[in-house]
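This report concerns only the one structure given below.
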Amino acid sequence: MPQEDKSLGQKLIEAGLIEKDVLESAELESKRTKTPIYKVLVKSKAVPAEEMMGFLSEELGIEVKNIEQCIIDPEIVKLIDKDFAVNKRVVPLYKTENTLAVAIDDPLNMASVDELRFKLNCTIKPFLVKEEDLSEVLNNCYASKDGQTVAATAKDKDFDKPSIVNTVNLIIGQAIKERASDIHIEPKEKTLEMRFRIDGVLHIRSAPPRYLHEAVISRIKILSNLDIAEKRIPQDGGFKITAGDKTIDVRVSIIPTLYGENVVMRLLDRSATPLNLGEIGFSEEKLSVYKELIASSFGIILVTGPTGSGKTTTLYASLNTVRSEAKNIITIEDPVEYHLDFAQQIQVNTKVNLTFAQGLRSVLRHDPDIIMVGEIRDFETAQIAIQSALTGHLVFSTLHTNDAPSAITRLLDMGIESFLVASCIKGVLAQRLARTLCPECKEETTVKEGELCQNLGLSYEAGQDKDVKIYKAKGCKRCMHTGFKGRLGIFELMQMTPKLNMLTLSKASADEIRKAAYEGGMAALRQDGLSKILQGLTTVEEVLRIA
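Okay, so the sequence shown: first residue is 14 according to our numbering, each after it adds one.
Right under this line is the structure:
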């Protein structure tokens, strides 16, 4: 028996995983079958597979990975030919710069890793995975055209399963590659339609055949830990996947429709969330004013806009700006979209009566300095948020209103006393997300300044008839032929002033508050959009679409 097996066996005894007599029996079986001793121990169930993997990972310094949660790019698979992958039992996962990550199921067989390193002339980073999981991935990635499996340990698997697994993986992988935020799979009477939401706009994509619909939905349900037999009621779930070196949270919602179940998968890339206020589209002037507002030691800062307008991202970036070791930050969210290392985050759970209001009550007993409430939806939550601000806490939250002035009247309509609103609200930020022009293919054109303002519904002076340079969307390979790549914020910032406070106290209408805010220097959403158009960042059509 090789010396390393003896050493490994002794270490397993020292770790308390096996007894001496078990090791002796395993050594005999290892010699007889020429099988590594750790595999003998797992096969005989002397040591559970998960415990053995954890031991080997720590002992040999190889990280364990759940390969079922990995989306493997077909282009990456081509880096290792089928014969090598199957015979050496190694699967490529992703590549970053000059490092190729691979999955292996035998941590003692590093010769294959060394051979691959020499063969591809790059650094190889191995990850340890379960033997049966690696077999399934080998089948999915290297199955022959007739559907036959390639891994010996997977002979009894359903030959159709790899094709469904591959189909779902390819859908999600393609969506990630195209920077999609949502995947819509929609059954029609005779066809299946699929759309990706990219930069806020839905685009039709090639869908799987209609006959695969139920199998695809079942696979998604399995990944999301949902009931595959239940097709009559809506279900919500989620799962995590690894795409390259990124971890993606997938939020799944399934609803029954006339022709079958409709699924929407929201893709949340934690690494893609900008936590710097300077990166989300603020002008220098607005950024300076907003930073002054959020530097307050108490009060309420509201961010408003429709669903999908980037409110949560702005709040996260705001928290990141004001955080310090001396401040205790607690958030209450539904759902928790991204994990913040510097804050304590609470997930709303209505099934156990953990609502925004109930969570907020509990948070106040945990000595917070700054509180973020995901959304003010009702009188109770609004009332507790107001009380929190009055007792010396800085509160961030969102409201669903179309502009900043309407946030004041929304709180009054909820039943909050006008004097409380006037004394607590520091400022309101309304926002939208506009698609950013692709810098590689945008086309320059000129237009009269007055005509541009007129198209946006903005007032202009008689002398504004000079030509100004703007850009239009064209489309190229880099932007998937959309003409746009990425999004930026369009903002309307209303800082509360003595005049606005007086109007709030008198329960003035949103129109009256809006007029006073404009007179005080607030720039409307479209005014900020105009600024972005003149900077060559977006288009007239895009600003009109969102604002």
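Every residue, glycine too, gets a C-beta built ideally from N, C-alpha and C.
Quick caveat: nothing in here was measured; it's all calculated off a predicted structure.
In whole angstroms, what is the alpha-carbon distance linking M493 and I211?
In the sequence shown, the residue the question calls residue 493 occupies position 480. In the sequence shown, the residue the question calls residue 211 occupies position 198. Rounded to whole angstroms, M493 to I211 spans 10 Å at the Cα level.
So what does DSSP say about M65, is it helix, strand or coil?
Walking along the sequence shown from the start, residue 65 turns up at place 52. M65 falls in the helix class under three-state DSSP.
Tell me the start and end of each unbroken beta strand (DSSP E) in the stretch 57 to 114 that is at least 3 residues and wholly inside, in chain order.
Complete beta strand (DSSP E) runs here, min 3: 103 to 109.
Expected contact under 8 Å - CB spacing of Q444 and I503 to nearest Å:
Within the sequence shown, residue 444 is the residue found at index 431, counting from 1. Within the sequence shown, residue 503 is the residue found at index 490, counting from 1. Contact holds; Cβ gap of about 6 Å.
Just list the alpha helix (DSSP H) runs in the stretch 168 to 253, keeping only unbroken ones of 4 residues or longer that don't cross its boundaries, in chain order.
Whole alpha helix (DSSP H) segments, 4+ residues: 173 to 190, 226 to 236.
Supposed close pair Q358, T368 - CB separation, criterion 8 Å
Residue 358 sits at position 345 when you count from the first residue of the sequence shown. Residue 368 sits at position 355 when you count from the first residue of the sequence shown. Contact between Q358 and T368 does not hold, since the beta-carbon distance rounds to 16 Å and is not under 8 Å.
Cβ-Cβ distance between E462 and V481 below 9 Å:
As a first step, residue 462 must be located in the sequence shown, where it is residue number 449. As a first step, residue 481 must be located in the sequence shown, where it is residue number 468. Yes.
Please work out which residues of its chain come closer than 6 Å, Cβ to Cβ, to L466, disregarding the five sequence neighbours upstream and downstream, and give them in chain order.
Your numbering for residue 466 matches position 453 in the sequence shown. In the sequence under discussion, the amino acid at residue 466 is Cys, which differs from the Leu named in the question. Apart from the 5 residues on each side of it in sequence, C466 sits with its Cβ closer than 6 Å to the Cβ of Y473 in its chain, given in chain order.
Looking at the unbroken alpha helix (DSSP H) that takes in D480, where does it start and where does it end?
Locating residue 480 in the sequence shown gives position 467, counting from the first residue. Counting along the chain, no alpha helix (DSSP H) covers D480; the unbroken beta strand (DSSP E) around it starts and ends at 480 to 485.
As assigned by DSSP and simplified to three states, the class of I313:
Position 300 of the sequence shown, counted from the first residue, corresponds to residue 313. Here I313 sits in strand by DSSP.
With DSSP as the reference, identify every bridge partner of V263, one or two as the case may be.
As a first step, residue 263 is located in the sequence shown; it is residue number 250 there, counting from the start. V263 is bridged by DSSP to F252, L280.
Specify the secondary structure class of L288 as computed by DSSP and reduced to three states.
In the sequence shown, residue 288 corresponds to position 275, counting from 1. It is coil, neither helix nor strand.
Is P381 helix, strand or coil when you go by DSSP?
As a working mapping, residue 381 is identified with position 368 in the sequence shown. Coil.
Pick from C437, K234, H413, E393: whose alpha carbon is nearest that of L403?
For the purposes of this step, residue 403 is taken as the residue at position 390 of the sequence shown. The shortest CA-to-CA distance from L403 to any of C437, K234, H413, E393 is the one to C437.
Express the C-alpha separation of H216 and V163 in angstroms, rounding to a whole number.
The count along the sequence shown starts at 1 and reaches residue 163 at position 150. The count along the sequence shown starts at 1 and reaches residue 216 at position 203. Reliability fails at V163, whose pLDDT of 48 lies under 50, so the model's placement of it is uncertain and the value that follows must be treated cautiously. Whole-angstrom Cα-Cα distance: 36 Å.
Considering only the beta carbon of each residue, do A356 and L377 sit closer than 9 Å?
Stepping through the sequence shown from its first residue, residue 356 is reached at position 343. Stepping through the sequence shown from its first residue, residue 377 is reached at position 364. In this structure, A356 keeps its C-beta atom at 9 Å or more from the C-beta atom of L377.
Output the residue ranges of the beta strand (DSSP E) runs that lie fully inside the stretch 380 to 412 and measure 3 residues or longer, sorted by chain position.
Correct list: 383 to 386, 407 to 412.
With a 10 Å radius around its C-beta and 16 neighbouring C-beta atoms as the bar for buried, classify A242 as buried or exposed.
Reading the sequence shown from its first residue, position 229 is the one you call residue 242. A242 should be labelled exposed.
If you count every other CB in all the chains shown that lies within 10 Å of the CB of K158, and 16 or more means buried, which is it?
To locate residue 158, count along the sequence shown from 1; it is residue 145. With a pLDDT of only 46 at K158, under the threshold of 50, the placement of this residue in the model should not be trusted, and no figure is reported.
State the CB to CB distance for the pair P200 and G294, rounded to an integer number of angstroms; the pair is presumed to be in contact (CB under 8 Å).
The residue given as residue 200 occupies position 187 in the sequence shown. The residue given as residue 294 occupies position 281 in the sequence shown. Contact between P200 and G294 is ruled out by a C-beta separation of about 38 Å, above the 8 Å threshold.
Pairwise C-alpha distance: L433 and N289:
In the sequence shown, counting from the first residue as 1, residue 289 sits at position 276. In the sequence shown, counting from the first residue as 1, residue 433 sits at position 420. For N289 and L433, the gap between their C-alpha atoms comes out near 31 Å.
Rounded to a whole number of angstroms, what is the C-alpha to C-alpha distance between T394 and T411?
Residue mapping note: residue 394 aligns to position 381 of the sequence shown, counting from 1. Residue mapping note: residue 411 aligns to position 398 of the sequence shown, counting from 1. Using only the alpha carbons, I get a separation of about 12 Å.
What does the Cβ neighbour count give for K24, buried or exposed, with the cut at 16 atoms within 10 Å?
For the purposes of this step, residue 24 is taken as residue 11 along the sequence shown, with counting starting at 1. Only exposed fits K24, as fewer than 16 other CB atoms lie within 10 angstroms of its CB.
Does the CB of P269 have a neighbour CB from chain B at under 9 Å?
Protein chains in the displayed structure number just one, and chain B is not present.
DSSP state of A164, grouped into three classes?
Locating residue 164 in the sequence shown gives position 151, counting from the first residue. Because A164 sits at a pLDDT of 46, beneath the cut-off of 50, its placement in the model cannot be relied upon, and the point is left open.
Could you give the residue range of the beta strand (DSSP E) that holds G499?
As a position in the sequence shown, residue 499 is number 486, starting the count at 1. Start and end: 497 to 508.
Of the listed residues E88, V115, G470, V229, nearest to D541 (C-alpha basis)
Taking the first residue of the sequence shown as position 1, residue 541 is located at position 528. Between D541 and the set E88, V115, G470, V229, the nearest pair of CA atoms involves G470.
If you drop the 5 nearest sequence neighbours on each side, which residues of the same chain put their C-beta closer than 8 Å to that of L501?
Start at 1 with the first residue of the sequence shown, and residue 501 comes out as number 488. Around L501, the same chain offers I293, G294, L446, A447, T449, K545, L550, T551 as residues with beta carbons nearer than 8 Å, after the five sequence neighbours per side are excluded.
Using CA coordinates, which residue listed in A188, E227, H226, P222 is at the minimum distance from R208?
To locate residue 208, count along the sequence shown from 1; it is residue 195. The residue with the shortest Cα to Cα distance from R208 is A188.
In the DSSP output, what is K138 paired with across the bridge?
Mapped onto the sequence shown, residue 138 falls at position 125. K138 is bridged by DSSP to A114.
So which of S148, L236, L424 has the shortest CA-CA distance to N182?
Taking the first residue of the sequence shown as 1, we reach residue 182 at position 169. Considering only alpha carbons, the answer is L236.
What do you get for F409, buried or exposed, if any count of 16 or more other CB atoms within 10 angstroms of its CB means buried?
The sequence position of residue 409 within the sequence shown is 396, counting from 1. Buried is the call here.
Cβ distance (whole Å) where E42 is taken to contact V53 below 8 Å:
Along the sequence shown, one-based indexing puts residue 42 at 29. Along the sequence shown, one-based indexing puts residue 53 at 40. In this structure E42 is in contact with V53, their Cβ atoms being roughly 5 Å apart against a cut-off of 8 Å.
Quick one: which unbroken beta strand (DSSP E) runs of 3-plus residues sit fully inside the stretch 336 to 380? Chain order, please.
Complete beta strand (DSSP E) runs here, min 3: 342 to 346, 357 to 360.
Would you call the stretch 92 to 111 and the stretch 135 to 154 in contact, with 3 or more CB pairs under 8 Å?
Output reads yes: the stretch 135 to 154 touches the stretch 92 to 111.
DSSP state of K143, grouped into three classes?
Here residue 143 is taken as the residue at index 130 of the sequence shown, counted from 1. In this structure, DSSP gives K143 a state outside helix and strand, which the three-state scheme calls coil.
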